[in-house]
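In what follows, a structure is listed as structure tokens, so that the remarks can point back to it.
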Amino acid sequence: MTLRLPHSLLRPLAALATTLPLLAPASIQAQEAGAASSWGLGLAVSADRKPYRDFDDKLQPLPLLTYENRWIQIAGPGVDFKLPSLGPVGLRLRSRFGFDGYEAEDSPWLAGMRERKSSLWLGAAATWDTGPVQLSAELLADASGHSKGRQFTLKAERRFQLGAWDVTPRVQVQQQDRKYVDYYYGVEGTEARLGRPAYEGSSAMNLQAGVRVGYTLAPRQWVFVDLSSTRLGSAIRNSPLVDKSSQPAVVAGYLYRF
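Numbers 434 to 691, taken from my numbering, label the letters of the sequence shown in order.
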């Protein structure tokens with residue numbers, strides 16, 4: 434197992450930012466519902482397969498850190514600032530690191546490509562617990578100015594508690610605008626090579642399905658496995674840098690809530 438920085442470790446860690454706020458099983462959440470603040474520590478292992486050709490994928494150890502109080506929620510590299518709710522709809526200001534970038538040495542197929550830098554994303558999110566499912570929407574913009582892109586995400590999920598087990602299936606659709614796709618999957622004229630023609634990206638719609646299965650070892654100890662697969666939009670699949678139509682990911686880990 435190899436630890437490489439920044440992209441091989443930080444990108445899958447950033448992906449956890451969208452799931453860590455909901456990782457603690459219902460029994461732990463209920464115990465801490467009246468607490469002024471709570472935090473957790475743990476460790477996970479991630480297998481995240483990038484769609485780029487000949488990309489060197491590896492298993493990666495990931496530290497887990499969560500913290501939450503009345504006004505703020507921290508999950509890995511993601512931070513939410515809680516706003517007053519509008520009835521049943523919760524509102525938040527959101528920041529997170531995306532770490533979607535790459536370096537030319539990450540794959541022989543990327544040789545001669547200019548580095549694509551990872552970005553800080555800022556925006557807003559809304560959640561609505563309807564009872565049967567929990568719905569969420571998120572709109573983020575690249576505050577670092579690297580891609581100058583935007584991402585909009587809609588997600589629906591539901592937790593089923595089965596004794597010490599909890600199962601949370603989800604579906605998610607994400608729209609990435611032309612600037613985002615062109616920056617991370619486009620090929621500039623100066624980067625074109627034989628077999629790698631110039632390519633200008635356009636807006637893409639990605640669809641993800643996933644399920645998280647957890648088990649409560651003790652009142653504050655929890656283990657989980659998260660499986661997902663993302664069907665990439667055609668604007669990404671058509672890039673000469675890409676040879677996969679979907680992006681599977683597996684994360685397994687342990688979390689202790691204090």
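Note that the Cβ used here is the ideal one computed from N, Cα and C, for glycine as well.
By alpha-carbon distance to leucine 495, the top candidate from Phe585, Pro630, Pro602 and Ala477 is Ala477. The Cβ atoms of tryptophan 554 and leucine 573 sit closer than 7 Å to each other. Looking at Ala537, Ser580 and Val656, the one whose alpha-carbon comes closest to that of alanine 597 is Val656. The C-beta separation of valine 600 from valine 566 comes to about 14 Å, leaving the pair out of contact by the 8 Å criterion. With three or more CB-CB distances shorter than 8 Å, the stretch 636-653 counts as touching the stretch 662-671. From the listed residues Thr563, Tyr535, Lys491 and Gly622, the smallest Cα separation to serine 580 is found for Tyr535. Between the alpha carbons of serine 569 and arginine 525 lies a distance of about 11 Å.
For valine 658, the secondary structure class from DSSP, reduced to helix, strand or coil, is strand. Within the same chain, Cβ atoms closer than 8 Å to the Cβ of glutamate 633 are found at Asp615 and Gly619, the five residues on either side in sequence being excluded.
A direct Cα-to-Cα measurement between leucine 516 and glycine 523 gives close to 7 Å. With fewer than 16 other Cβ atoms inside 10 Å of its own Cβ, valine 604 counts as exposed. For tryptophan 472, the secondary structure class from DSSP, reduced to helix, strand or coil, is strand. For serine 667, the uninterrupted alpha helix (DSSP H) segment begins and ends at 667-670.
The stretch 602-663 contains, as complete beta strand (DSSP E) runs of 3+ residues, the segments 637-651 (chain order). With a cutoff of 7 Å on beta-carbon distance, proline 521 and aspartate 487 are scored as not near each other. For serine 528, the uninterrupted beta strand (DSSP E) run begins and ends at 522-530, by DSSP. Alanine 651 and alanine 589 have their C-alpha atoms spaced approximately 28 Å apart. When only Cα atoms are considered, glutamate 571 and proline 681 end up about 22 Å apart. Judged by DSSP in its simplified three-state form, tryptophan 542 adopts helix. By the neighbour-count criterion, in which a residue is buried when 16 or more other Cβ atoms sit within 10 angstroms of its Cβ, leucine 627 is exposed. Between the alpha carbons of lysine 612 and leucine 595 lies a distance of about 44 Å.
In this structure alanine 508 is buried. Its beta-carbon is surrounded by 16 or more other beta-carbon atoms within 10 angstroms.
Around the beta carbon of phenylalanine 532, 16 or more other beta carbons sit within 10 angstroms, so the residue counts as buried. When the alpha-carbon of alanine 557 is set against those of Met546, Glu548 and Arg583, the nearest one is in Arg583.
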